[in-house]
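Counting from 5, one number per residue, gives the positions in the sequence shown under the numbering used here. Glycine included, C-beta positions come from ideal geometry on N, C-alpha and C. Structure record follows, encoded as structure tokens.
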Amino acid sequence: GGEVERGLTMVDGVLLLVDASEGPLPQTRFVLRKALGSRLPVILV
């Protein structure tokens, strides 16, 4: 939790890469929620 939040304070945006065979994993959803909560632009790759 804290590591993600600290990291998000140092970036201007987020690239989200999701494995097509596994789909989004729980940690992916967690980080995405934090990024959106920080109002960071998210680019899905």
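Through-space distance from residue j to residue i, alpha-carbon basis
i	j	result
Val-35	Glu-26	17 Å
Gly-32	Asp-23	Per the sequence shown, residue 32 should be read as Thr rather than Gly. Spanning the two alpha carbons is a distance of roughly 11 Å.
Pro-28	Arg-10	22 Å
Within 8 Å, strictly: CB atoms of residue i and residue j
i	j	result
Leu-12	Ile-47	no
Gly-6	Leu-44	no
Close-in-space but distant-in-sequence residues of the same chain around residue i (CB under 7 Å, 5 per side omitted)
i	result
Leu-21	Val-49
Ser-42	Leu-12
Simplified DSSP state of residue i, which is helix, strand or coil
i	result
Leu-19	strand
Leu-12	helix
Leu-36	helix
Whole-Å CB distance - residue i paired with residue j, under 8 Å assumed
i	j	result
Val-8	Lys-38	5 Å
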